[in-house]
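Worksheet: one structure, shown below.
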Amino acid sequence: MTTPETSLSDAQMYRNMLRWQVMATAVVTIAAGLISGLPAGISALFGGVAVIVGAWFAARIAARSQSKTQATDVLLNLLKAEAVKILIIAIILLAVFKLYQSLVPFALIAGLAAAALFSGAALAKSQTPV
């Protein structure tokens, strides 16, 4: 059973995760732009944005499991959230590959990796001991 305190804590956790992702994407975007030029910076930005948008949707889906009490219901909801996140990231990356002619693949992967890694770090850091 969840309480308003738990709900607020979960909302703060998701906001914290998204904040870390945005900061990591900004740092990689600026670094790629300074090192390799504007197309690399834009590519890194697209990589990070793909993960951020996917994580935002996944957080919305995962939040629906707060009222669930059965472990299988919670697990299925989390699996749905992860599947949606992966699907959204794949669709955004496909669109970037098709539409952005000046793509710098290494920068795109760097932005994607930074946002993904820092989201995990933010979640790990914000977990409270039980």
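Read the sequence shown against my numbering and you will find it ends at 417, with the numbers running on by one and no gaps. For glycine and all other residues, C-beta sits at the position ideal for the given N, C-alpha and C.
C-alpha distance - Pro416 paired with Ile379, whole-angstrom precision: Taking the first residue of the sequence shown as 1, we reach residue 416 at position 129. Taking the first residue of the sequence shown as 1, we reach residue 379 at position 92. Because the pLDDT of Pro416 is 47, which lies under 50, any placement of that residue in the model is unreliable, and the number read from its coordinates should be weighed accordingly. C-alpha separation (whole angstroms): 36 Å.
- request: May I ask you to report which of helix, strand or coil DSSP gives Ser406?
  value: Locating residue 406 in the sequence shown gives position 119, where the first residue counts as 1. Correct three-state label for Ser406: helix.
- prompt: What number of angstroms, rounded off, separates the C-alpha of Ala403 from the C-alpha of Gln388?
  reply: Stepping through the sequence shown from its first residue, residue 403 is reached at position 116. Stepping through the sequence shown from its first residue, residue 388 is reached at position 101. Cα-Cα distance, rounded: 24 Å.
task: Between the Cα of Leu386 and those of Val338, Ile329, Leu363 and Ser406, spot the shortest distance and give me the residue it belongs to.
output: Your numbering for residue 386 matches position 99 in the sequence shown. Nearest C-alpha to Leu386: Ile329.
query: Roughly how many angstroms separate the alpha carbons of Thr312 and Ser354, rounded to a whole number?
result: The residue given as residue 312 occupies position 25 in the sequence shown. The residue given as residue 354 occupies position 67 in the sequence shown. Approximately 33 Å between the Cα atoms of the pair.
message: Mapping the DSSP letters down to three states, classify Ser352 as helix, strand or coil.
response: Position 65 of the sequence shown holds residue 352. DSSP places Ser352 in helix when its eight states are reduced to three.
field: Helix, strand or coil at Val391 [DSSP, three-state]
entry: Indexing the sequence shown from 1 puts residue 391 at position 104. It is coil, neither helix nor strand.
Three-state secondary structure assigned by DSSP to Gly324: To locate residue 324, count along the sequence shown from 1; it is residue 37. In the structure shown, Gly324 sits in coil (DSSP, three-state: anything other than H, G, I, E or B).
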